[in-house]
Amino acid sequence: MRSRRSSATRPAIDASGPVLDRGRLSADSLAAARALLGSRLVRAADDEMLGPSVGRIVEVEAYIGAADLASHARFGQTDRNRVMFGPAGIAYAYLVYGMYHCLNVVTGPDGDPAAVLIRAVEPIAGIEAMRARRVAARHPRRRTPVTDARLASGPGLVCLAFGLDRSLTGTDLCDPTAPVRLLAPDPAASPPRVVATPRIGIAYAGEPWASRPWRLLDADSPSVSGPARLRRG
DNA sequence: GCAAAGATTTGCT
DNA sequence: GCAAATCTTTGCC
């Protein structure tokens, strides 16, 4: 039998419910970004000691079309961004600044290069696993303690907390059996208060792309990225 | 083949 | 507020 106590005292992992409908992601990419906000990111257990993790997506950014000079698709199709040109619901993960990974969900019609960056997730369950993954990843230079709400409060931190890297690219996040997948919003949860701002870290793209309000966030979440002072939207 | 830049995060000045 | 850490991808010679 199983260790009687750990399973009894551990809170139930709320990873239930249907996966996010692919149709919500395959039409307009801004609508897809809006649909992703409030949806849940699930990562299955990687082994017996590290259980599954679940979090609510509270911040996203849309990258739409080859004309968007902030998008990886601005170079046309390459080995790295190939999946952006494919069907919606597929994961696109890449290494940024040589040390962090970023998770995107491919959006828009098949053949139309677009993706939505998952910038921040509010932990719901499996929080100890998230903390353990960040320790296991030997998160560099981190010395101050991290609160639960800040475990995945940035695009690089989402991948650290959920143990994701570019090997995830190509995974179908709308597949209910996938090790990493998207769930529709918890029907019991209140819908996010959506605020739109310009995207972060893309000044190089110039106007009008740098000013497009394609970053969407839940203004009531404590897990939105950035310093507390700048988290108002 | 080589140089430059980057959808980040953190600690220190 | 600034710069370091770190390495893949992309562009250009």
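If you read the first sequence in the numbering used here, its first letter stands for residue 1498, the second for the next number, and so on. Backbone N, C-alpha and C fix where the C-beta goes; we use that ideal spot for every residue, glycine too.
- Rounded to the nearest whole angstrom, the C-alpha separation of A1685 and R1519 is 22 Å.
- V1516 has its alpha-carbon roughly 11 Å from the corresponding atom of D1683.
- Contact annotation: P1606 and M1581 have beta-carbon atoms that are not nearer than 9 Å.
- Three or more beta-carbon pairs separated by less than 8 Å link the stretch 1612-1619 to the stretch 1532-1545, which places the two stretches in contact.
- As for any beta strand (DSSP E) of minimum length 3 sitting wholly inside the stretch 1541-1617, the runs are 1550-1561, 1588-1593, 1597-1603, ordered along the chain.
- Sorting G1573, P1620, S1550 by C-alpha distance to the C-alpha of T1644 places P1620 at the top.
- C-alpha of G1623 to C-alpha of R1521: approximately 27 Å in a straight line.
- In the structure shown, V1692 falls within a strand segment according to DSSP collapsed to helix, strand and coil.
- For A1542, the CB contacts under 7 Å within the same chain, skipping 5 residues up- and downstream, are G1548, P1549 in chain order.
- P1620 sits in a strand when the DSSP states are folded into three classes.
- Between the alpha carbons of T1668 and A1646 lies a distance of about 27 Å.
- Counting along the chain, V1677 sits inside the beta strand (DSSP E) bounded by residues 1677-1680.
- In the DSSP assignment, R1663 is bridged to no other residue.
- Under DSSP, V1516 shares a beta bridge with L1680.
- Scanning E1558, C1656, I1587, G1573 for the CA closest to the CA of P1673 turns up I1587.
- The beta carbon of Y1560 sits closer than 6 Å to those of S1568, A1612, all from its chain and outside the five residues before and after it, given in chain order.
- With a 10 Å radius around the Cβ and a threshold of 16 neighbouring Cβ atoms, R1638 comes out exposed.
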